[in-house]
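Q: Using the UniProt record's numbering, count along the sequence shown one by one with no gaps and you end on 204. Virtual Cβ for every residue (Gly too), placed ideally from N, Cα, C.
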Amino acid sequence: MTKSGPTVSFTQMKDGTREDYELLEKLEQPFLAGTAGRLLKELAAQADETLAGYQITRLEHGLQAATRARQDGADRDWVVAALLHDIGDRLAPQNHDRMAAEILRPYVREEVAWVVEHHGIFQMAYYAHHYGWDPEERQKFRHHPCYQSCADFCERWDQSSFDPDYPMDPLDSFAADVCDVFARKAYDPSVIRPGVVLGLPSRQ
Numbered sequence: 001m002t003k004s005g006p007t008v009s010f011t012q013m014k015d016g017t018r019e020d021y022e023l024l025e026k027l028e029q030p031f032l033a034g035t036a037g038r039l040l041k042e043l044a045a046q047a048d049e050t051l052a053g054y055q056i057t058r059l060e061h062g063l064q065a066a067t068r069a070r071q072d073g074a075d076r077d078w079v080v081a082a083l084l085h086d087i088g089d090r091l092a093p094q095n096h097d098r099m100a101a102e103i104l105r106p107y108v109r110e111e112v113a114w115v116v117e118h119h120g121i122f123q124m125a126y127y128a129h130h131y132g133w134d135p136e137e138r139q140k141f142r143h144h145p146c147y148q149s150c151a152d153f154c155e156r157w158d159q160s161s162f163d164p165d166y167p168m169d170p171l172d173s174f175a176a177d178v179c180d181v182f183a184r185k186a187y188d189p190s191v192i193r194p195g196v197v198l199g200l201p202s203r204q
């Protein structure tokens, strides 16, 4: 395949020059800037994918979770995390939670990324006993500072969001929040806030 535009001189990374890597850094910027758009496009593609056996689509589940977070007065990190928490379902069905967490991790509070990473295990509390599995698998994290945040995320926004009659907000209403989050400087300490646990907002 012939590529148009400037390219590097090397065929092995170890042979690259400073100029090569400066070129790659420059060309990478528009791609990084398009991350939010690609994520929104992936969510839109899930509109036609019904969760087998469920009454709603994959997109509707994310929209319901994000709408619940928004209505609870959650901050932008929580709302975007609720929207994207299952975005890995199509490519990583066995570890979708970790995939979603890695997508979010450079751009959201550490607490939020941890919750997304572990929500699959915490969700087992609602169904694992039907398969003969341990519904209390989450207890291995009981001393973690984010334990209650994850338990609350699952109870209030995740496990409750499979209702075909729930009046969810449309995807385009979340676009600005997604764009704002993924426009942040990756791994900015003022965003990541290591060790800070705020929990979910209190319900009025």
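What residues in its chain sit with their C-beta under 8 Å from that of Asp169, if we drop five residues either side in the sequence?
A: Cβ neighbours of Asp169 beyond the five flanking positions: Leu63, Ala66, Thr67 and Arg70.
Q: How big is the Cα-Cα spacing for Cys179 and Ala36?
A: 5 Å
Q: Tell me, which residues are paired with Thr11 by DSSP?
A: According to DSSP, Thr11 bridges with nothing at all.
Q: For Thr17, does the three-state DSSP call read helix, strand or coil?
A: The answer is coil: DSSP assigns Thr17 none of H, G, I, E or B.
Q: Would Glu110 and Arg193 qualify as a contact pair, given that the criterion is a beta-carbon distance under 9 Å?
A: yes
Q: Enumerate in chain order the residues of its own chain whose CB-to-CB distance from Val197 is below 7 Å, with the five nearest sequence positions on each side excluded.
A: These residues qualify, in order along the chain: Glu111, Pro145, Cys146 and Ser149.
Q: Measuring straight from C-alpha to C-alpha, what distance separates Ile103 and Gln123?
A: 20 Å
Q: Tell me, to the nearest whole angstrom, how far the beta carbon of Glu42 is from that of Ile87; I am working on the premise that it is less than 8 Å.
A: 6 Å
Q: In angstroms, rounded to a whole number, what distance separates the CA positions of Leu84 and Ala101?
A: 9 Å
Q: Glu117: which of Val181, Tyr131, Ser173 and Phe141 sits nearest, CA to CA?
A: Distances from the CA of Glu117 to each of Val181, Tyr131, Ser173 and Phe141 were compared; the closest alpha carbon is that of Phe141.
Q: Shortest alpha-carbon distance to Tyr187 belongs to which of Pro106, Trp157 and Tyr21?
A: Its Cα nearest to that of Tyr187, the residue Pro106 stands out among Pro106, Trp157 and Tyr21.
Q: When the Cα of Ala151 is compared with those of Thr50, Val108 and Ala125, which residue comes out closest?
A: Ala125
Q: Confirm, please, whether the CB-CB distance from Trp78 to Leu200 is below 9 Å.
A: yes
Q: Go through its chain and collect everything with a Cβ distance to Gln182's Cβ below 6 Å, but skip five positions before and after it.
A: The identity of residue 182 in the sequence shown is Phe, whereas the question assumes Gln. Answer for Phe182: Thr35, Ala36 and Tyr107, listed in chain order.
Q: Taking only runs that begin and end inside the segment 102–181, name each unbroken alpha helix (DSSP H) of 4 or more residues, in chain order.
A: 110–123 and 147–153
Q: Comparing C-alpha positions only, which one of Gly195, Pro189, Ser202 and Ala175 sits nearest to Arg38?
A: Ala175
Q: Residues in its own chain within less than 6 Å of Ala74 by CB, not counting five upstream and five downstream?
A: Here Ala74 has Pro201 as same chain residues with Cβ atoms under 6 Å from its own Cβ, once five neighbours each way along the sequence are excluded.
Q: Work out the CA separation of Pro164 and Gln55 for me, nearest whole Å.
A: Cα to Cα, Gln55 sits roughly 6 Å from Pro164.
Q: How about Arg156: is its Cβ closer than 8 Å to a heavy atom in the ligand HEM?
A: Judged by which ligands are present, the structure shown has none, so any question about the ligand HEM falls away.
Q: Express the C-alpha separation of Phe31 and His119 in angstroms, rounding to a whole number.
A: 29 Å
Q: Thinking C-beta only, is Ala44 closer than 9 Å to Leu171?
A: yes
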